[in-house]
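All the letters of the sequence shown, read from the start, carry residue numbers 420 to 674 under my numbering. Just below is one structure, and these are the notes that go with it.
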Amino acid sequence: MRFLVIKRRAIIIAVIAATVFALALTGVYYTGAAAIYNNVSPKKVPIYSVETDEKAVALTFDAAWGADKTLGILETLEEKDACATFFLVGFWAEKYEKELKTLAESERIEIGTHSATHPYMSKLSKSQMSLELSTSKSLIEKISGRKVELFRPPYGDYSDALLNTSQEQGLYTIQWDVDSLDWKNLSKEQIASRVVGNCRNGSIVLMHNDGKHTLEALPAIIDGLRAKGYKFKTVGQLIYKDNYTIDHTGRQIRS
420 MRFLVIKRRA
430 IIIAVIAATV
440 FALALTGVYY
450 TGAAAIYNNV
460 SPKKVPIYSV
470 ETDEKAVALT
480 FDAAWGADKT
490 LGILETLEEK
500 DACATFFLVG
510 FWAEKYEKEL
520 KTLAESERIE
530 IGTHSATHPY
540 MSKLSKSQMS
550 LELSTSKSLI
560 EKISGRKVEL
570 FRPPYGDYSD
580 ALLNTSQEQG
590 LYTIQWDVDS
600 LDWKNLSKEQ
610 IASRVVGNCR
620 NGSIVLMHND
630 GKHTLEALPA
640 IIDGLRAKGY
650 KFKTVGQLIY
660 KDNYTIDHTG
670 RQIRS
């Protein structure tokens with residue numbers, strides 16, 4: 420009799436344990452912890468890089484202030500048979516309309532928005548975020564004649580609200596996993612070394628059209644990456660447009 424009681428207790432304990440475990444798993448799923456276990460971030464994350472077997476990288480240039488090196492960058496890309504994506508601030512596009520039209524004439528160049536006024540976007544209301552994106556997108560499209568599908572947040576600053584707003588406007592939010600630090604006025608050798616030494620398959624490289632030594636470093640960057648077997652794609656060519664997940668590091672993965 421005592422054996423039966425003990426056996427019954429063991430069964431009850433086992434049932435309770437199984438129930439608690441099942442509830443815990445349910446909680447994990449709904450709190451987003453399951454996403455971490457599956458290497459997918461429960462928090463919204465922009466695209467920093469792309470998981471791919473192809474040895475391909477994307478060079479990108481943010482344009483917000485000056486323009487004197489812009490056409491030189493374009494000429495270098497054409498001479499070196501490479502391509503790149505430019506993220507333009509609205510007021511830059513308006514001020515340097517001639518340069519924008521020249522960029523848009525090149526098949527090697529992809530154009531995205533970098534906001535209208537270069538603010539810290541996460542500090543804005545949703546309506547202000549929407550206005551920053553819609554006005555810059557419309558302006559760039561009007562001048563360039565190109566459809567804008569990519570957005571890079573100024574300062575790399577973002578929030579879930581911004582990512583939602585960007586998505587609502589049909590934009591993919593793009594960051595980077597290789598920072599040239601050209602805005603720190605590094606030498607051309609330092610810039611090239613940073614980029615070539617840190618790229619991997621699917622990397623997105625951050626540079627600026629007005630970096631003091633960016634134009635000088637660009638030939639060495641292209642030659643150095645090509646010597647390692649990399650080819651160049653625009654961001655739009657590199658990323659997946661559907662059926663993907665993004666892990667907690669911002670690495671885009673094909674589902």
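Just so it is clear, CB atoms sit at the ideal spot from N, CA and C, and this is done for glycine as well.
- Applying the criterion that 16 or more other CB atoms from any shown protein chain within 10 Å of the CB defines a buried residue, is A646 buried or exposed? exposed
- Mind checking which residues open and close the alpha helix (DSSP H) that includes G643? T633 to A646
- Could you tell me the boundaries of the beta strand (DSSP E) in which L507 lies? A503 to L507
- Touch test, the stretch 556 to 571 against the stretch 587 to 597, Cβ-Cβ under 8 Å, three pairs minimum: yes
- Item | K603 versus W595 - alpha carbon distance | 17 Å
- Query: With V597 and N617 assumed to form a contact (beta carbons below 8 Å), what rounded beta-carbon distance in angstroms separates them?
  - Reply: 5 Å
- With DSSP run on the structure shown, which of helix, strand or coil describes L543? coil
- Query: When the distance is taken between beta carbons, is A475 closer than 7 Å to V508?
  - Reply: no
- Query: So, Q671 versus Y663, is the Cβ gap smaller than 7 Å?
  - Reply: yes
- Quick one: Cα of G648 to Cα of P572, how far? 30 Å
- Query: Touching or not, the stretch 531 to 538 and the stretch 568 to 584, by the rule of three or more beta carbon pairs under 8 Å?
  - Reply: yes
- Item | Run of the beta strand (DSSP E) containing R670, from where it starts to where it stops | R670 to R673
- Query: Residues in its own chain within less than 8 Å of K488 by CB, not counting five upstream and five downstream?
  - Reply: N628, D629, G630, T633 and L634
- Query: Rounded to a whole number of angstroms, what is the C-alpha to C-alpha distance between C502 and S541?
  - Reply: 31 Å
- Between which two residues does the alpha helix (DSSP H) containing G491 stretch? T489 to E498
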